[in-house]
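**Student:**
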Amino acid sequence: MSDKRLYVERRDDGDYAIRRPGSERASDVCSTQAKAIDRAYQIEPNATVHVERVRDTSKGGRDKWRT
386 MSDKRLYVER RDDGDYAIRR PGSERASDVC STQAKAIDRA YQIEPNATVH VERVRDTSKG
446 GRDKWRT
């Protein structure tokens with residue numbers, strides 16, 4: 386596993402941004418969370434992709450990340 390990380394974050398307009406830690410701009414933007422996750426692995430195949438939780442669940446709220 387690589388020490389590289391990518392984050393999939395929901396944007397205010399409903400799209401999903403793929404970002405590197407500390408970046409000011411998104412590496413790419415996709416219309417769905419699933420497409421953004423797939424694109425993140427295309428950008429960096431060995432990266433750990435952290436996905437923003439977009440709904441509340443019994444295990445965590447929206448402020449949590451999942452890998």
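Okay, so the sequence shown: first residue is 386 according to our numbering, each after it adds one.
Ideal Cβ positions, reconstructed from N, Cα and C, are used throughout, including at glycine.
Is the distance from the Cβ of Arg-405 to the Cβ of Leu-391 below 8 Å?
**Tutor:** Cβ atoms of Arg-405 and Leu-391: closer than 8 Å.
**Student:** Rounding to the nearest angstrom, what Cα-Cα distance links Asp-413 and Arg-396 in this structure?
**Tutor:** For Asp-413 and Arg-396, the distance between alpha carbons rounds to 12 Å.
**Student:** How would you call Ala-419, buried or exposed, if buried means at least 16 neighbouring beta carbons within 10 angstroms?
**Tutor:** Its Cβ having fewer than 16 others within 10 Å, Ala-419 is exposed.
**Student:** Give me, in chain order, the residues of the same chain whose beta-carbon lies closer than 7 Å to that of Arg-424; leave out the 5 immediate sequence neighbours on both sides.
**Tutor:** Cβ neighbours of Arg-424 beyond the five flanking positions: Ile-403, Asp-413, Cys-415.
**Student:** Please report how far the alpha carbon of Gln-427 lies from the alpha carbon of Arg-438, in whole angstroms.
**Tutor:** Between Gln-427 and Arg-438, the C-alpha separation is close to 21 Å.
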